[in-house]
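Asks: 1 is the number of the first residue of the sequence shown in UniProt numbering; add one for each residue after it. We treat Cβ as the ideally placed atom computed from N, Cα and C, and that holds for glycine. Here the structure is a predicted model, which is why all the values come from computation and not from measurement.
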Amino acid sequence: MRATVCTHTLLILSYAGIKQRGIYIDRDDFGALITPGLRSSIGAMFGLILYPHRPTILDFIICLGNMVIVPLLMITPLTPGWRFIRGAIFAPLTSSIFLYVSTCIAQYNLADRWGVPVLMGYFFAQCWSIFLFWPPEDNVYRLIPRITGQTHLHNGHEGHDRHNGNPHGHSKSTTVDLVAEPVPEPWTLAKFYWANSRWWSWRCIGWSDSCPLPQSAQRHPYTHQSSRKDYLIARFKYLILTVIVGDFIHSYIRLSSQAPFFQNLPGAQTYDEMSTWERAKCSLITVGWIWFSLELPQVQCSIFFVGAGGILGWEGEIWSPWGWPPMFASSGNFFRRPTLAYTWSTSWHQYNRSILYSYGWRGIGETILRLPPTGLSVKLAQGRAQTSLSNSKVKSELSPQIPHTSASSSTVSSGRTSPTHPIPTAPSQSIRSLHTPDLINNLIKSAIVFFLTGVLHDQSTYFMLKDYFYPGSSWLATSKSMPSIHVSPGRNPNFHWTDAIVTTPFFAIQPLALAFEALVKRQWRAYKVRHHPEWLQASREPPWLVYAERATSFTFTWVWLGWSAHWFVAGIPRTGAYAKMVDESASWSPVSGLIWGVWYR
Numbered sequence: 001m002r003a004t005v006c007t008h009t010l011l012i013l014s015y016a017g018i019k020q021r022g023i024y025i026d027r028d029d030f031g032a033l034i035t036p037g038l039r040s041s042i043g044a045m046f047g048l049i050l051y052p053h054r055p056t057i058l059d060f061i062i063c064l065g066n067m068v069i070v071p072l073l074m075i076t077p078l079t080p081g082w083r084f085i086r087g088a089i090f091a092p093l094t095s096s097i098f099l100y101v102s103t104c105i106a107q108y109n110l111a112d113r114w115g116v117p118v119l120m121g122y123f124f125a126q127c128w129s130i131f132l133f134w135p136p137e138d139n140v141y142r143l144i145p146r147i148t149g150q151t152h153l154h155n156g157h158e159g160h161d162r163h164n165g166n167p168h169g170h171s172k173s174t175t176v177d178l179v180a181e182p183v184p185e186p187w188t189l190a191k192f193y194w195a196n197s198r199w200w201s202w203r204c205i206g207w208s209d210s211c212p213l214p215q216s217a218q219r220h221p222y223t224h225q226s227s228r229k230d231y232l233i234a235r236f237k238y239l240i241l242t243v244i245v246g247d248f249i250h251s252y253i254r255l256s257s258q259a260p261f262f263q264n265l266p267g268a269q270t271y272d273e274m275s276t277w278e279r280a281k282c283s284l285i286t287v288g289w290i291w292f293s294l295e296l297p298q299v300q301c302s303i304f305f306v307g308a309g310g311i312l313g314w315e316g317e318i319w320s321p322w323g324w325p326p327m328f329a330s331s332g333n334f335f336r337r338p339t340l341a342y343t344w345s346t347s348w349h350q351y352n353r354s355i356l357y358s359y360g361w362r363g364i365g366e367t368i369l370r371l372p373p374t375g376l377s378v379k380l381a382q383g384r385a386q387t388s389l390s391n392s393k394v395k396s397e398l399s400p401q402i403p404h405t406s407a408s409s410s411t412v413s414s415g416r417t418s419p420t421h422p423i424p425t426a427p428s429q430s431i432r433s434l435h436t437p438d439l440i441n442n443l444i445k446s447a448i449v450f451f452l453t454g455v456l457h458d459q460s461t462y463f464m465l466k467d468y469f470y471p472g473s474s475w476l477a478t479s480k481s482m483p484s485i486h487v488s489p490g491r492n493p494n495f496h497w498t499d500a501i502v503t504t505p506f507f508a509i510q511p512l513a514l515a516f517e518a519l520v521k522r523q524w525r526a527y528k529v530r531h532h533p534e535w536l537q538a539s540r541e542p543p544w545l546v547y548a549e550r551a552t553s554f555t556f557t558w559v560w561l562g563w564s565a566h567w568f569v570a571g572i573p574r575t576g577a578y579a580k581m582v583d584e585s586a587s588w589s590p591v592s593g594l595i596w597g598v599w600y601r
């Protein structure tokens with residue numbers, strides 16, 4: 001039996017390998033490779049799975065099951081044997097399922113069609129990072145607050161004062177240090193909680209590599225002391241706003257005068273033929289579409305998890321308001337911190353930050369190219385050294401969930417935080433001096449990170465153009481007005497991989513503007529130090545100058561993003577991300593009804 005299975009597997013892989021345009025097996029061809037007794041069952045199964053197809057209940061179960069299995073596999077130890085099993089079995093197994101979801105399932109929802117494959121690409125890379133390249137047990141650590149004079153815990157299921165509803169019961173004047181939590185012992189429930197925290201916190205909130213948060217995300221109701229009631233009320237209001245804005249964007253894409261452009265219809269006006277005002281509208285709709293597709297599931301998940309935490313009495317970054325801050329900075333925050341560097345590093349959503357740092361900044365930049373460690377790499381190294389709990393006596397005396405509270409323990413390098421929001425943030429500095437080699441070093445790493453960002457986004461473009469959205473495709477409702485092309489379902493015979501380079505140019509050129517901005521800021525700060533040293537003191541810089549600096553930086557940032565976005569804005573419609581699909585059901589829309597008079601679109 002084993003020999004038969006191996007023979008069939010080798011035949012299948014050999015046949016798939018000679019296909020010119022990826023692994024694609026026609027049902028009849030697949031059946032010809034196997035014995036007659038197995039042809040009907042296995043052929044039907046692989047025909048269903050390997051053809052690009054509409055989502056099914058089985059697909060949902062496979063994807064959700066894989067999401068649950070990953071943290072279960074993370075409770076294994078890091079012995080040499082288990083390291084091999086993790087890298088040789090767990091990594092390819094879990095990542096291949098996410099690759100399957102990305103390549104073989106056509107998303108009907110307008111908000112998910114392009115974004116879900118991007119998210120699956122993130123999970124694909126994260127599986128290899130967790131199980132092979134950078135196991136979290138060795139490379140990051142969970143942060144828990146050490147509160148002066150308090151002994152309550154703060155991870156998962158303990159430390160909530162039910163009398164006043166205040167976690168830990170501490171006042172706003174209490175000093176809070178963030179210390180590294182010892183990695184729980186393998187095969188324990190504590191390790192399972194730890195693994196779930198790492199896997200589900202996609203922005204690494206509550207961990208040493210947490211994304212920096214804008215000021216608008218560090219105030220009520222997103223602080224450590226915010227009540228669930230206030231948080232849920234604010235989130236429900238925001239959810240209503242998100243749905244209304246999303247309805248408008250969807251209606252605009254389907255019904256406005258620019259609908260042919262967004263849906264990539266024959267004869268539609270191209271981006272280059274548009275006026276500046278028309279391009280601006282397309283850019284705003286594109287940004288709004290990205291915002292909506294990210295915010296809607298984020299808000300829904302935050303309401304679910306924070307509400308569940310209140311019902312079950314659980315605390316921690318997954319179950320508490322402070323663990324689910326907004327994904328984007330507020331509009332006021334965009335103006336107060338308007339630089340391009342701050343916009344990309346803090347104000348934007350930061351979903352992909354952990355894998356881009358691992359593969360780009362650290363993996364390619366510091367490991368392969370041997371560039372000196374900078375930025376987060378230095379902070380993580382300092383934090384691990386300062387909060388090391390390797391002493392066997394300490395480990396034997398502490399349970400896996402209890403932080404080291406000895407006075408000799410140092411805090412992490414990100415410094416002391418207010419008790420309202422114990423999440424690591426970079427210490428605020430009015431002037432940061434970087435030597436020229438460091439600037440060049442960071443520029444090279446930033447270029448790598450932005451290039452990988454483009455690749456991550458365009459892998460979604462690749463599969464969409466190759467499998468679903470092209471003239472004559474049986475997936476598109478607009479294909480009826482296009483020349484018919486006789487092809488196997490779900491495969492573009494004229495596709496070339498260069499067709500998928502849509503968003504990469506936009507991301508790849510961002511470091512050029514970042515380098516220019518850093519140079520100007522460096523020279524301007526040097527001028528102020530030489531000629532107006534009194535301005536360096538707190539609140540001594542003239543208000544008119546502060547406003548002028550912000551206005552200038554804000555203008556530069558958004559003029560640059562508006563100009564460079566033409567690759568992104570013009571390229572996304574060509575992927576079919578906005579196209580209408582066959583059998584796409586019409587949905588009731590109050591916005592389109594009130595504005596365009598079409599209540600079902």
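What number of angstroms, rounded off, separates the C-alpha of residue 366 from the C-alpha of residue 265?
Replies: Straight-line Cα distance between these residues: approximately 46 Å.
Asks: Tell me the DSSP secondary structure of residue 146 in three-state form.
Replies: Looking at residue 146 - three-state DSSP - the assignment turns out to be strand.
Asks: Give me the DSSP bridge partner(s) of residue 234.
Replies: Beta-bridge pairing links residue 234 to no other residue.
Asks: Relative to the C-alpha of residue 195, which candidate in 230, 135 and 361 has its C-alpha closest?
Replies: With distances taken between Cα atoms, residue 195 lies closest to 135.
Asks: Using CA atoms only, rank isn't needed, just tell me which of 435, 370 and 190 is closest to residue 518.
Replies: Closest by alpha carbon: 435.
Asks: If you draw a straight line from the alpha carbon of residue 554 to that of residue 511, how long is it in whole angstroms?
Replies: One C-alpha to the other measures close to 17 Å.
Asks: Report the CB separation of residue 71 from residue 199 in whole angstroms; it is logged as a contact under 8 Å.
Replies: The pair is a contact, with the Cβ atoms about 5 Å apart (cut-off 8 Å).
Asks: Measuring only the C-alpha atoms, how far is residue 110 from residue 566?
Replies: Taking the straight line joining both Cα atoms gives about 21 Å.
Asks: So who's on the other strand from residue 105, going by DSSP bridges?
Replies: Answer is 53, bridged to residue 105.
Asks: So residue 321 and residue 184 are in contact, right, with Cβ under 8 Å, and what is the actual spacing, rounded?
Replies: About 25 Å separates the two Cβ atoms, so there is no contact after all.
Asks: Residue 324: buried (16+ other C-beta within 10 angstroms of its C-beta) or exposed?
Replies: By the neighbour-count rule (16 or more Cβ atoms within 10 Å), residue 324 is buried.
Asks: Give the straight-line distance between the Cα atoms of residue 79 and residue 86, rounded to the nearest whole angstrom.
Replies: Computed Cα separation, rounded: 10 Å.
Asks: What's the C-alpha gap between residue 591 and residue 599?
Replies: Rounded to whole angstroms, residue 591 to residue 599 spans 8 Å at the Cα level.
Asks: Check whether the Cβ atoms of residue 295 and residue 238 sit closer than 9 Å, and answer yes or no.
Replies: Contact flag set, yes.
Asks: Can you tell which of 254, 300 and 218 has the C-alpha that lies nearest to the C-alpha of residue 243?
Replies: Of 254, 300 and 218, the residue nearest in Cα terms is 300.
Asks: Mapping DSSP to helix, strand and coil, what is residue 499?
Replies: It is helical.
Asks: For residue 263 versus residue 468, is the C-beta spacing smaller than 9 Å?
Replies: Not in contact: residue 263 and residue 468 (Cβ atoms no closer than 9 Å).
Asks: Using a threshold of 9 Å, state whether the C-beta atoms of residue 117 and residue 94 are closer than that.
Replies: Not in contact: residue 117 and residue 94 (Cβ atoms no closer than 9 Å).
Asks: Provide the residue span of the alpha helix (DSSP H) that contains residue 190, from first to last.
Replies: 189-200 is the span of the alpha helix (DSSP H), which, as asked, contains residue 190.
Asks: Could you pull the start and end residues of the alpha helix (DSSP H) that residue 531 belongs to?
Replies: 510-531 is the span of the alpha helix (DSSP H), which, as asked, contains residue 531.
Asks: Taking the beta carbon of residue 191 as the centre, do at least 16 other beta carbons fall within 10 Å, making it buried, or is it exposed?
Replies: So residue 191 counts as buried.
Asks: What are the complete alpha helix (DSSP H) segments, minimum 4 residues, inside the segment 251-330?
Replies: With a minimum length of 4 residues, the continuous alpha helix (DSSP H) runs that stay inside the segment 251-330 are 259-262 and 276-312.
Asks: Taking the alpha-carbon of residue 314 as reference, which of 228, 342 and 275 has the nearest alpha-carbon?
Replies: Taking only the C-alpha atoms, the option nearest residue 314 is 228.
Asks: For residue 246 versus residue 292, is the C-beta distance shorter than 9 Å?
Replies: Against a cut-off of 9 Å, the Cβ pair of residue 292 and residue 246 comes out as a contact.
Asks: Between residue 507 and the rest of its own chain, which residues show a CB-CB distance below 6 Å, the 5 nearest in sequence each way excluded?
Replies: Correct list, in chain order: 450, 453 and 454.
Asks: If you check the beta carbons only, do residue 569 and residue 283 fall under 9 Å apart?
Replies: Against a cut-off of 9 Å, the Cβ pair of residue 283 and residue 569 comes out as a contact.
Asks: Would you kindly report the start and end of the unbroken alpha helix (DSSP H) that includes residue 124?
Replies: Unbroken alpha helix (DSSP H) run through residue 124: 115-128.
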